[in-house]
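Participant: Residue numbering for the sequence shown is 23 to 127, as defined by our numbering. Beta carbons are placed, not taken as given, at the ideal position from N, Cα and C, and that holds for glycine. Just so it is clear, the structure is predicted and the values come from calculations on it, not from any experiment.
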Amino acid sequence: MAVITRARTSTEANYRTLTPEEKDRFDQLMERADHAGPHDYQPLMDALAVLTGVTGEIRKCACSCTCPAIFDADNADVHVIEYGEGYNLGRHQCPWCADQHRETA
């Protein structure tokens with residue numbers, strides 16, 4: 023009998039599976055999105071979606087366990103560690119980390 027494992031949905035990606043070039047591009051796009059104005063922000067999120075396969079308000083897990091999850095921050099199970107105060111992105115925990123070890127700022 024064959025065992026079928028659950029496929030990873032497009033609601034998350036793994037930063038560690040990106041190539042070094044993709045990681046550099048991801049980091050650059052996230053930095054630009056954090057400082058972007060209203061007309062530049064969405065095209066940057068769109069570029070991140072193409073790169074990662076994740077749609078929405080893309081974030082990388084910011085908890086201290088160095089989790090590699092890239093996810094949509096609009097997911098109801100995401101935990102906000104710290105709002106962006108003058109920036110666009112803020113710091114968020116992925117749903118798994120928020121459930122296992124919720125962090126505060």
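Out of Leu51, Ala58, Gln115 and Pro60, which one is the CA nearest neighbour of Ala91?
Facilitator: Counting from one through the sequence shown, the residue named residue 91 turns up at place 69. When each option's Cα is compared against that of Ala91, the closest is Gln115.
Participant: If you reduce the DSSP assignment to three classes, tell me which class Glu107 lands in.
Facilitator: Working through the sequence shown from its first residue, we reach residue 107 at position 85. Coil, per DSSP.
Participant: Taking 8 Å as the threshold, find out whether the region 46-65 comes into contact with the region 93-110 through three or more Cβ pairs.
Facilitator: The region 46-65 vs the region 93-110: in contact.
Participant: Below 8 Å CB to CB, which residues in the same chain sit around Trp118 once its five sequence neighbours on both sides are set aside?
Facilitator: For this step, residue 118 is matched to residue 96 along the sequence shown. These residues qualify, in order along the chain: Cys89 and Ala91.
Participant: Does DSSP put Asp94 in a helix, a strand or coil?
Facilitator: If you number the sequence shown from 1, residue 94 lands on position 72. Residue state, collapsed to three classes: strand.
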